[in-house]
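Residues -17 to -1, 1 to 393 (mature numbering (1 follows the signal peptide of the UniProt record, and there is no 0)) are what the sequence shown spells out, left to right.
Everything on this sheet refers to the single structure shown next.
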Amino acid sequence: MKYIYPFLITFTVTIAALDTTDYESKLRDDLVAKLPKDVRSRPIHINTNITNLLVYVGISHIIGLDAKTETFSINGWMWHSWNDQRVVWDRANYGGLDRVRLPENILWKPKLLPYNSARFSDIDSLYSPSLIIAHYDGTLTWVPAFTSHTICPMDFRWFPYDQHDCYIELGAWMYSGLEVNITVAGRQIPESELLDYGDVNNEWELVQFYRERYNPYPESTYSWHSVRIHFQVRRRAPYYQLTLILPIVIAIFLCLVVFWIPASMKSTVIIFNLLHLTLFICHIYWVIPRSGSEAPAILILTSNTLALTGVSLLLTIITVYLSQRSDESFPPFMQNLLAGWLGLILCLRKTSPNVGARLSDTDNVEVEVVSSDKSTAKQTSWMLLATAVDRFFFIVYLITIFITLIVAFA
């Protein structure tokens, strides 16, 4: 007897499954038989001409944002729900079945299409093949997956810390709002759930995501309803901090440090910085797509630093010439000026023709002044002037770079 019970249970379950399959096949055949052959026939309610459509859009993966073509690409799925009274049955006649799956090619489907698609040649293959779930009361549910490529205008002014607002606008192209009434389910996505819609290894981070019903012609008699899915994406910058931000910080540092190193080393540092900045601008040219709106702030900063570095080469020639002069007497008014308030502002050490003092050639090369050597005293005065020029333009460069940062990144 103990072997009979398992057999009976298995036999009963098998018969029930076969019976359910028979009911499902019979129900499917009956529904197909009474459906119109023309799938373009839209289901409407009695005494109205409107098909109510409930839509929910979910995003599974952000493929990327192509900066060159300004194309925003995503993978997702779209849940459609509407009612078709032609697909109604009595559950008692079909073994209590309350739902059945039907092929999508035998029923009318809303098939919302993107208005702002970047690839209209692929618009017919937007949705993947998927069965339609029919409920006994005529409610139909269709949940196809889709891949969308839409146009997203981009602004690279804040590259690589840029963020962009993109959207997908989906609508029933052939039906107005008086024929297909679209309602959007689930408008705003909580910020805590946004991580579920992104890939931590993706270049782009999803900052905001919401859906809304949109009517581009609110004043028109014939309203055209559509679904707008808004995305705010932000570029993840760690990679660009090493390849773009760090080099420009080093270039600015070298541009300022030339005013504090010996004259014999200045030209080498300046020429190196000029080559560095020239190659860096070429790198920016290939990394950042060209835009017709505004130049990126990092490009403005780099170009200004290149110009300042070029001017510093001319200033180096002047300061070297001044520091090597010893045949002409130093103007007394300039001596008094450097010994007074200007020297105090520029942090210059006071000198006297009768007392030995230490001066630095651009703060590093120490020169000892001997009162008995008039030629050396003259040269020391000229070196003091060269040092004053260096420190004055250091302040000018510091202010200029600060203003450039404010203008570029304000």
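For every residue, glycine included, the Cβ atom is placed at its ideal position computed from N, Cα and C.
Every value quoted in this text rests on a predicted model; they were computed, and no experiment measured them.
Going by the DSSP bridge assignment, what does residue i pair with across the sheet?
i	result
Met157	Answer is none; Met157 lacks a bridge partner.
Pro199	Bridge partners of Pro199: none, in fact.
Met61	Val40
Asn66	Thr122
Glu188	Arg217
His147	Val216
Ile116	Arg84 and Thr124
Phe55	Leu48 and Thr133
For residue i, which three-state DSSP category applies?
i	result
Gly293	helix
residue 396	The structure shown does not extend to residue 396, since the chain spans only -17 to 393, so no value can be given for it.
Tyr304	helix
Ser111	coil
Glu152	strand
Thr166	strand
Ala234	helix
Leu96	strand
Lys20	coil
Phe139	coil
Glu277	coil
Ala101	coil
Arg25	coil
Val348	For Val348, the pLDDT reaches just 40, beneath the cut-off of 50, and the residue's location in the model is therefore unreliable, although a value from the coordinates is still provided. In the structure shown, Val348 sits in a strand (DSSP, three-state: E or B).
Leu90	coil
Trp207	coil
Val240	helix
Val390	helix
Val71	coil
Val338	No answer about Val338 holds up, because its pLDDT of 32 lies below 50 and its placement is not dependable.
Leu284	helix
Val353	Interpretation of Val353 is limited by its pLDDT of 41, a score under 50 that renders its predicted location unreliable; no figure is taken from the coordinates.
I'd like the span of the alpha helix (DSSP H) that includes residue i, first residue to last.
i	result
Asn256	Ala246 to Val270
Leu123	That residue, Leu123, is in no alpha helix (DSSP H); its beta strand (DSSP E) goes Thr122 to Trp125.
Would you give the residue range spanned by the beta strand (DSSP E) that residue i belongs to?
i	result
Glu46	For the record, residue 46 in the displayed sequence is Ile; it is not Glu. First-last of the beta strand (DSSP E) with Ile46: Thr34 to Asp49.
Ala128	Ala128 to Ile134
Compare the C-beta of residue i against all C-beta atoms of chain D and say whether one is closer than 7 Å.
i	result
Leu289	Chain labels in this structure do not include chain D; a single protein chain is all it has.
Exercise for the section: Could you tell me whether the segment 98 to 107 touches the segment 126 to 138, using the rule of 3 or more Cβ pairs below 8 Å? Expected result: yes
Practice task
Please determine if the segment 146 to 156 and the segment 112 to 122 are in contact, where contact requires at least 3 C-beta pairs separated by less than 8 Å.
Solution key: no
Practice task
Count the C-beta pairs between the segment 50 to 61 and the segment 71 to 78 that are closer than 8 Å, then say yes if the count reaches three, no if not.
Solution key: no
Handout entry: Touch test, the segment 16 to 36 against the segment 78 to 96, Cβ-Cβ under 8 Å, three pairs minimum
Key = yes
Handout entry: Touch test, the segment 80 to 87 against the segment 219 to 232, Cβ-Cβ under 8 Å, three pairs minimum
Key = Segment contact: the segment 80 to 87 against the segment 219 to 232, fewer than three CB-CB distances shorter than 8 Å; contact not assigned.
Practice task
Spell out a yes or no on whether the segment 378 to 388 and the segment 235 to 247 are touching, meaning 3 or more CB-CB pairs, one atom from each, closer than 8 Å.
Solution key: yes
Exercise for the section: Spell out a yes or no on whether the segment 206 to 213 and the segment 252 to 266 are touching, meaning 3 or more CB-CB pairs, one atom from each, closer than 8 Å. Expected result: no
Problem - At least 3 beta-carbon pairs within less than 8 Å: the segment 188 to 195 vs the segment 57 to 72 - result: no
Practice task
May I ask you to verify whether the segment 295 to 302 touches the segment 161 to 169, counting CB pairs closer than 8 Å and requiring at least 3?
Solution key: no
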